[in-house]
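Engineer:
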Amino acid sequence: MMYDHQSLEKKWQSCWKKEKTFQPDLKKAGKPFYNLMMFPYPSAEGLHVGNMYAFTGADIYGRFMRLKGYDVFEPIGLDGFGIHSENYALKTGRHPFKQAERSQKNFYRQLHAIGNQFAWDNHLETYDPDYYRWTQWIFVQFFKNGLVERKKATLNWCPSCKTVLSDEQVEPKEGKNVCERCKAEVERRETEQWFFKITDYAEKLLDYHGTKWPKTTRQIQTNWIGKSEGATVLWRIKPCQGSDPVVEFGTFTTTIDTIFGVTFIVVSPESPYLEKLVTEEQKKTVDAYLEKVKGKTEVERMEAKEKDGVFTGSYAVSPVNGREVPIWVADYVLMNYGTGVVMGVPAHDRRDLEFARKNKLEIIQVIESKGKSFVYDEVDKHSVKGKIVNSENYTGLSILAGREKITDDLIKEGKAKRTVNYKLRDWCISRQRYWGPPIPMIYCPKCAKEGNSWFTKSNSSGSDPAKDVSLLTKERRQKLAQEMAGWYPEAPKNLPVELPYVEDYQPRGKGQSPLAGVRSFYQAKCPACGAEARRETDVSDTFLDSAWYFLRYPSTDCKDQPFDPKTTKRWLPVGMYIGGQEHACLHLLYARFVTMALHDLGYLDFIEPFKEFFAHGLIIKDGTKMSKSKGNIIVPDDYIGKYGADALRMYLMFLGPITQGGDFRDAGMQGMKRFLSRLYQLAQKSAKKEAKPISKDAGMGSSDVTLSENLIKKLHQTIRKMGTDYGKKKYNTALAALMKLTNVWQAYPESANKDFVGIVARLIAPVAPHLAEEFWLISGGKGSVFAAAWPEFDPELVKESEAEVVIQINGKLRETIKLELAVAGNQEKVLEKVHVSRKVQKHLGGREPKKVIFVPGKLINLVV
RNA sequence: GCCGAGGUGACGGAAUUGGUAGACGUGCGAGACUUAAAAUCUCGUGGAGGCAACUUCGUGCGGGUUCGAGUCCCGCCCUCGGCACCA
Numbered sequence: 009m010m011y012d013h014q015s016l017e018k019k020w021q022s023c024w025k026k027e028k029t030f031q032p033d034l035k036k037a038g039k040p041f042y043n044l045m046m047f048p049y050p051s052a053e054g055l056h057v058g059n060m061y062a063f064t065g066a067d068i069y070g071r072f073m074r075l076k077g078y079d080v081f082e083p084i085g086l087d088g089f090g091i092h093s094e095n096y097a098l099k100t101g102r103h104p105f106k107q108a109e110r111s112q113k114n115f116y117r118q119l120h121a122i123g124n125q126f127a128w129d130n131h132l133e134t135y136d137p138d139y140y141r142w143t144q145w146i147f148v149q150f151f152k153n154g155l156v157e158r159k160k161a162t163l164n165w166c167p168s169c170k171t172v173l174s175d176e177q178v179e180p181k182e183g184k185n186v187c188e189r190c191k192a193e194v195e196r197r198e199t200e201q202w203f204f205k206i207t208d209y210a211e212k213l214l215d216y217h218g219t220k221w222p223k224t225t226r227q228i229q230t231n232w233i234g235k236s237e238g239a240t241v242l243w244r245i246k247p248c249q250g251s252d253p254v255v256e257f258g259t260f261t262t263t264i265d266t267i268f269g270v271t272f273i274v275v276s277p278e279s280p281y282l283e284k285l286v287t288e289e290q291k292k293t294v295d296a297y298l299e300k301v302k303g304k305t306e307v308e309r310m311e312a313k314e315k316d317g318v319f320t321g322s323y324a325v326s327p328v329n330g331r332e333v334p335i336w337v338a339d340y341v342l343m344n345y346g347t348g349v350v351m352g353v354p355a356h357d358r359r360d361l362e363f364a365r366k367n368k369l370e371i372i373q374v375i376e377s378k379g380k381s382f383v384y385d386e387v388d389k390h391s392v393k394g395k396i397v398n399s400e401n402y403t404g405l406s407i408l409a410g411r412e413k414i415t416d417d418l419i420k421e422g423k424a425k426r427t428v429n430y431k432l433r434d435w436c437i438s439r440q441r442y443w444g445p446p447i448p449m450i451y452c453p454k455c456a457k458e459g460n461s462w463f464t465k466s467n468s469s470g471s472d473p474a475k476d477v478s479l480l481t482k483e484r485r486q487k488l489a490q491e492m493a494g495w496y497p498e499a500p501k502n503l504p505v506e507l508p509y510v511e512d513y514q515p516r517g518k519g520q521s522p523l524a525g526v527r528s529f530y531q532a533k534c535p536a537c538g539a540e541a542r543r544e545t546d547v548s549d550t551f552l553d554s555a556w557y558f559l560r561y562p563s564t565d566c567k568d569q570p571f572d573p574k575t576t577k578r579w580l581p582v583g584m585y586i587g588g589q590e591h592a593c594l595h596l597l598y599a600r601f602v603t604m605a606l607h608d609l610g611y612l613d614f615i616e617p618f619k620e621f622f623a624h625g626l627i628i629k630d631g632t633k634m635s636k637s638k639g640n641i642i643v644p645d646d647y648i649g650k651y652g653a654d655a656l657r658m659y660l661m662f663l664g665p666i667t668q669g670g671d672f673r674d675a676g677m678q679g680m681k682r683f684l685s686r687l688y689q690l691a692q693k694s695a696k697k698e699a700k701p702i703s704k705d706a707g708m709g710s711s712d713v714t715l716s717e718n719l720i721k722k723l724h725q726t727i728r729k730m731g732t733d734y735g736k737k738k739y740n741t742a743l744a745a746l747m748k749l750t751n752v753w754q755a756y757p758e759s760a761n762k763d764f765v766g767i768v769a770r771l772i773a774p775v776a777p778h779l780a781e782e783f784w785l786i787s788g789g790k791g792s793v794f795a796a797a798w799p800e801f802d803p804e805l806v807k808e809s810e811a812e813v814v815i816q817i818n819g820k821l822r823e824t825i826k827l828e829l830a831v832a833g834n835q836e837k838v839l840e841k842v843h844v845s846r847k848v849q850k851h852l853g854g855r856e857p858k859k860v861i862f863v864p865g866k867l868i869n870l871v872v
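Using this note's numbering, the letters of the first sequence correspond one by one to residues 9 to 872.
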């Protein structure tokens, strides 16, 4: 009689496992629905409640879809490769191979205990050679199609993790840039690395066509990509220095309408133009300045209060009015955005104004707004309300009109072109670490000397002869043939390039992976000429592992391809994806990029990997984020033992909207246990009563309803409410409705019967699956409650049986009162006999209305 | 600075998207059971006034639209998230 959650949950979990209740037939499913959650990386403490929160939210949706009749595929795996796992291994002194084995066991035990409907046959781990074989395969395909570059760049270097990091893996903290993983301050280092050309997809990544993503997530990505449209204006230089005189250079601007306000030009200290601009007289000054800049760190440069800079000695000639303006060099101009040269408009740009004031340069107003004075402090540059002044024949035009006209005119004269700039940079993919998939490349010094590479081979035309697709243009191939001299990708049949078991896997910190010291690994023969060659020893970024795992899940048994085309066609793109917002610029962006690229290479017939994405909130503890350092990480195990997985699931969902997260407190959990236990007692009691058909329209609208009818009415309300809320992912309000129903049930326990218990079993099934199975059993149901579809759960199929509406009395608007009346359907109706509340009767002078005209969505006319 | 989200009891949060504000749950108070505690159950719980039925005020602040505003419009204040010497 007592609710013994431990034996009950154990019983159903082993039953699900044995019966493979949640393992869909991937080859045959008629109504496939791919329900995915971001797979966890096996952290030190095991699965924590934050993971469970996300997984439960996702699982409820998946189970709801199952009850609606879909064949739901809900796979799980481990993102076990990468720095986070490796750092933990270093800390414990246990080798990553062994640590992975241990973590996997622990995680999968926990993932079983939380009661999700995982399709365990399809689990995958990113460190499994059967998996990373295809991660490497993707690298090779991208390489062959010019989506991979090897270039020197100033990059983020984490001195603690001893590897380079991508821009996405660096986060700002207290004015410093720190490593996303270890929070150490990153340095800038110039190194040569492998890059994925994600910038080629900047424009495509801005288009979310056909997806249902939250606005905020889209906005974070859009911000990160940072598109700005403007023009590049060409300036003539006078006088030109050096043997190779620069005749012109471009400055990028989004506000070409201010071009008459240009009083100087500034070049970045790193600009290749610089040495050609510096005159004899100014050389000393400039060199001294460059020396000073060199000594500054990135952060110091950013935080500098004063806009420092020096004159180069050269002048630029304005393309609009021939005005000669001095060219300066200053470190507030960034080399890696635009052209590394900017036009200085001190009147309408805050930085330019600071610079002009510091260096006593002229300020000319060219925009006027609301008659206000001209300096930036008082006029908003981005305002489009002002008009242009002091600009010859453009004077008087509005900002936008002027912008268009000046651009057009300059383009006609060949002095400008329209330009789009993005903040997005290419994705640095190589890591100088051990625990990742080796980058499957071979470098042959002999071929390099002779100028040979994969791109100079005769058959180097595209990705896969069978696909007949190549993103490689002729020009790009020629360029790559030069840049990639000596480089060959590993042949697909030789994949995977297995990560060897190495005792000394410590990061070396010299810009090289530990594998660089393993001769048996790096020794190789050149695939082209057979000479002594060297294997690449860097491994790829963890985010590449996770950028395609959703493609592999349905095809885990596929041996000769990364994903089986037929199965992929049936299951992808992912129907619902749930995960953390913090991955908006990381994982989600990369996954979209990889999917788009594979689409363009002909491997996929869709562009977006996730039809719908849903960001869950963060679970905090006592008002602060859970973290290892604070020691406040909560592991679900103890709570599952004490209260049960169902109670914990309910508690987590009841905290509030899943998008918001919540503060984890023990107090609320007892309440959930109490509720479930009460529900269990009631079900036991009611199930003893034989089934009597539950009528849907018994007693509706009647004032003398019996207790039983009251309960039935409540039940139908609840089905409707929960059906809608589960669909909208409003799990907290769905649960509130359920609790309300239980309260009514408890008030009239004799009204319910076996059938009633069966219905409640389906209602609670998404959120409390173990208890639901038990209810289904005691109500006399056969098999699993999840085995059959329940069309009534579809809110559209449950007809409105009542309506609360607004009335109008005798055609005049006098009073606004809510009215309950018996109306079926959504059609306009004249109701002859209407029961109204006493309150309304009072308003009508104690009478009941003769008739009511009900028009859905409109006011109601009440005739007395 | 730019972009976005949001401010409702002691707390987490509801409110059919313009229709009885505070569902549901915590917490708190009172009671039942118990030698006692825990657990469980019952009742109460926005403020002020009243023995009471009831009255009145109340959704960050100030205005507005409307028969009716937590919800819509205008102007502020505050909190959180993203980007940021990006031209």
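In this text, a Cβ means the ideal position worked out from N, Cα and C, and glycines have one as well.
In terms of DSSP beta bridges, what is Asp671 paired with?
Structural biologist: Paired residue(s): Ile628.
Engineer: Just to confirm, are His624 and Gln21 a CB contact at a threshold of 9 Å?
Structural biologist: No, the pair does not count as a contact, with Cβ atoms beyond the cut-off.
Engineer: Thinking C-beta only, is Ala776 closer than 9 Å to Met658?
Structural biologist: Result yes, Cβ atoms of Met658 and Ala776 sit closer than 9 Å.
Engineer: Would the segment 171-179 and the segment 209-220 be scored as touching if the rule is three or more Cβ pairs under 8 Å?
Structural biologist: Because the criterion of three Cβ pairs below 8 Å is not met, the segment 171-179 and the segment 209-220 do not touch.
Engineer: Here's a check: name, in chain order, each residue in its chain whose Cβ is nearer than 8 Å to the Cβ of Leu805, leaving out the five neighbours to either side.
Structural biologist: Unreliable placement is indicated for Leu805, whose pLDDT of 41 sits below 50; the coordinate value is still reported in the next sentence. Excluding sequence neighbours, Leu805 sits near Pro799.
Engineer: Does DSSP put Glu808 in a helix, a strand or coil?
Structural biologist: Any reading at Glu808 needs caution, since the residue's pLDDT is 40, under 50, leaving its predicted position unreliable; the model's value is listed next. Coil at Glu808, not helix or strand.
Engineer: What does the alpha-carbon distance come out to for the pair Pro40 and Ala695?
Structural biologist: Using only the alpha carbons, I get a separation of about 34 Å.
Engineer: State yes or no: is the C-beta of Pro644 within less than 9 Å of the C-beta of Leu86?
Structural biologist: No, the Cβ-Cβ distance between Pro644 and Leu86 is not below 9 Å.
Engineer: Buried or exposed: which applies to Asn95, given that a residue is buried once 16 or more other Cβ atoms fall within 10 Å of its Cβ?
Structural biologist: Buried, because 16 or more other Cβ atoms sit within 10 Å of the Cβ of Asn95.
Engineer: As a quick exercise: from Ala127, Tyr11, Asp553, pick the residue whose alpha carbon is nearest that of Lys28.
Structural biologist: It is Ala127 whose Cα lies nearest to the Cα of Lys28.
Engineer: Suppose you measure from the CA of Val602 to the CA of Pro448; what does that come to, to the nearest Å?
Structural biologist: Going from the Cα of Val602 to the Cα of Pro448 covers about 17 Å.
Engineer: If I follow the unbroken alpha helix (DSSP H) through Ser111, where does it start and stop?
Structural biologist: Per DSSP, Ser111 belongs to the alpha helix (DSSP H) from 104-121.
Engineer: Taking only runs of the beta strand (DSSP E) that begin and end inside the segment 525-600, which ones reach a length of at least 3 residues, in chain order?
Structural biologist: Within the segment 525-600, the complete beta strand (DSSP E) runs of at least 3 residues are 531-533, 540-543, 582-588.
Engineer: Which first and last residues belong to the alpha helix (DSSP H) in which Ala364 is found?
Structural biologist: That run of the alpha helix (DSSP H) goes 358-366.
Engineer: Which residues in the same chain as Lys425 place their Cβ atom closer than 6 Å to its Cβ, once the five residues preceding and following it in sequence are excluded?
Structural biologist: Cβ within range, chain order: Thr240.
Engineer: With DSSP run on the structure shown, which of helix, strand or coil describes Met658?
Structural biologist: Helix.
Engineer: Nearest-angstrom Cα distance between Ile407 and Gly269?
Structural biologist: Taking the straight line joining both Cα atoms gives about 13 Å.
Engineer: I need the boundaries of the beta strand (DSSP E) containing Met351, first residue and last residue.
Structural biologist: Here the beta strand (DSSP E) through Met351 covers 349-352.
Engineer: Scan the segment 429-506 and note each continuous alpha helix (DSSP H) run of 4 residues or more that stays entirely inside, going in chain order.
Structural biologist: Listed in chain order, they are 453-458, 482-491.
Engineer: I'd like to know whether the C-beta atoms of Val4 and Val374 end up nearer to each other than 9 Å.
Structural biologist: Past the boundaries of the shown model lies residue 4; the chain is included only from 9 to 872, so the question cannot be answered.
Engineer: Alpha carbons only, please: which of Phe150, Gln14, Gln125, Phe63 is nearest the one belonging to Glu498?
Structural biologist: Closest option to Glu498, Cα to Cα, is Phe150.
Engineer: At the level of alpha carbons, what is the spacing between Leu369 and Phe272?
Structural biologist: The alpha-carbon atoms of Leu369 and Phe272 are separated by roughly 8 Å.
Engineer: Excluding sequence positions up to five away, which residues of its chain have a Cβ less than 6 Å from the Cβ of Ala745?
Structural biologist: Contacts found: Thr726, Lys729, Met730.
Engineer: Pick helix, strand or coil for Ala66, following the three-state DSSP scheme.
Structural biologist: If DSSP states are grouped into helix, strand and coil, Ala66 belongs with the helices.
Engineer: Quick check: the segment 552-571 against the segment 181-201, are there 3 or more CB pairs under 8 Å?
Structural biologist: Cβ pair count under 8 Å is below three, so no.
Engineer: Tell me the DSSP secondary structure of Arg770 in three-state form.
Structural biologist: Helix at Arg770.
Engineer: Suppose contacts are defined by Cβ-Cβ distances below 9 Å. Is Pro48 in contact with Phe115 by that definition?
Structural biologist: Their beta carbons are under 9 Å apart, which means Pro48 touches Phe115 by this criterion.
Engineer: The beta strand (DSSP E) spanning Trp165 covers which residue range?
Structural biologist: 156-166 is the span of the beta strand (DSSP E), which, as asked, contains Trp165.
Engineer: Is the beta carbon of Gln125 sitting closer than 9 Å to the one on Phe794?
Structural biologist: Going by C-beta atoms, Gln125 is nearer than 9 Å to Phe794.
Engineer: Taking 8 Å as the limit between beta carbons, can you name the residues of its chain near Glu198, skipping five residues before and five after?
Structural biologist: Lys160, Ala161, Thr162, Leu163, listed in sequence order.
Engineer: Quick check: what's the CA-CA separation for Met10 versus Phe105?
Structural biologist: Cα to Cα, the separation comes out at about 45 Å.
Engineer: Report the option in Ile586, Tyr297, Asp646, Val768 whose CA atom is closest to the CA atom of Lys737.
Structural biologist: Nearest option by C-alpha distance: Ile586.
Engineer: Buried or exposed: where does Arg543 fall if 16 or more other Cβ atoms within 10 Å of its Cβ makes it buried?
Structural biologist: Burial call: buried.
Engineer: So is Cys23 buried or exposed if we call it buried at 16+ other beta carbons inside 10 Å?
Structural biologist: Exposed, by the Cβ-count rule.
Engineer: If you run the structure through DSSP and keep just helix, strand and coil, what is Glu50?
Structural biologist: A quick correction: the sequence has Pro, not Glu, at residue 50. Pro50 falls in the coil class under three-state DSSP.
Engineer: How many angstroms separate the CA atom of Met310 from the CA atom of Lys181?
Structural biologist: So the alpha carbons of these two residues sit roughly 14 Å apart.
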